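J.:
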Amino acid sequence: RTVTLTTAIRGSSSAIQATSSTMSGISKVKGPVGPAEPALANQKRHHRKAFEFISKALKIDEEDGARKDIAVELYKKGIIELEKGIAIEVRGEGETCERARRLKDKMETNLGMVKDRLEILENR
1 RTVTLTTAIR GSSSAIQATS STMSGISKVK GPVGPAEPAL ANQKRHHRKA FEFISKALKI
61 DEEDGARKDI AVELYKKGII ELEKGIAIEV RGEGETCERA RRLKDKMETN LGMVKDRLEI
121 LENR
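Right under this line is the structure:
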């Protein structure tokens, strides 16, 4: 299960990096900001924070069994960030709304995997 979580998180990293490079190009173009833009930006912020916490937790989890307590705390912080991102409501139609919905789906998948891993660690 850790391998699956690692793969999912690393996949998220690629998405974050791709989004960052895409957004840097977009930020130079002036245009109307749709109602979903701030929501997507907030989702991405929480997704990025969750990724950082969970990546650190995975590294500790896989490499240093003696520091399980630190991994548990980092997983919990990642869960909080995922839950905050998932809670952001996105309304409307269009490409931005669809991207926000896809990110939400990805975050829900990651949340389930992280909670499963946390439960395993806490019950050892």
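UniProt numbering numbers the first residue of the sequence shown as 1 and each following residue consecutively.
A virtual CB, placed ideally from N, CA and C, is assigned to each residue, including glycine.
All values reported here derive from a predicted model rather than from experimental measurement.
Distance, Cα to Cα, R45 vs E98?
T.: Taking the first residue of the sequence shown as 1, we reach residue 45 at position 45. Taking the first residue of the sequence shown as 1, we reach residue 98 at position 98. Rounded to the nearest angstrom, the two C-alpha atoms are 17 angstroms apart.
J.: Could you tell me the distance, in whole angstroms, from the CA atom of residue 129 to the CA atom of N123?
T.: The chain is shown only over 1 to 124; residue 129 falls outside these bounds and no answer can be derived.
J.: For the ligand ADP, I want to know if E122 counts as a neighbour, meaning its beta carbon is within less than 7 angstroms of at least one of the ligand's heavy atoms.
T.: No copy of the ligand ADP occurs in the structure displayed, which carries no ligand at all.
J.: Tell me which residue opens and which closes the alpha helix (DSSP H) that A66 is part of.
T.: In the sequence shown, residue 66 corresponds to position 66, counting from 1. Note, A66: premise wrong, no alpha helix (DSSP H); not H, not E.
J.: Excluding sequence positions up to five away, which residues of its chain have a Cβ less than 7 angstroms from the Cβ of A100?
T.: Indexing the sequence shown from 1 puts residue 100 at position 100. Excluding positions up to five away in sequence, the list reads A36, A39, L40, Q43 and V90.
J.: In this structure, does DSSP put V90 in helix, strand or coil?
T.: Start at 1 with the first residue of the sequence shown, and residue 90 comes out as number 90. Correct three-state label for V90: coil.
J.: Contact defined as beta carbons within less than 8 angstroms: I believe F51 pairs with K77. What is the distance between those atoms, to the nearest angstrom?
T.: Counting from 1 along the sequence shown, the entry for residue 51 is found at position 51. Counting from 1 along the sequence shown, the entry for residue 77 is found at position 77. At roughly 11 angstroms, the Cβ-Cβ gap does not stay under 8 angstroms, so F51 and K77 are not in contact.
J.: Rounded to a whole number of angstroms, what is the C-alpha to C-alpha distance between H47 and A87?
T.: Residue mapping note: residue 47 aligns to position 47 of the sequence shown, counting from 1. Residue mapping note: residue 87 aligns to position 87 of the sequence shown, counting from 1. Those two C-alpha atoms are separated by around 12 angstroms.
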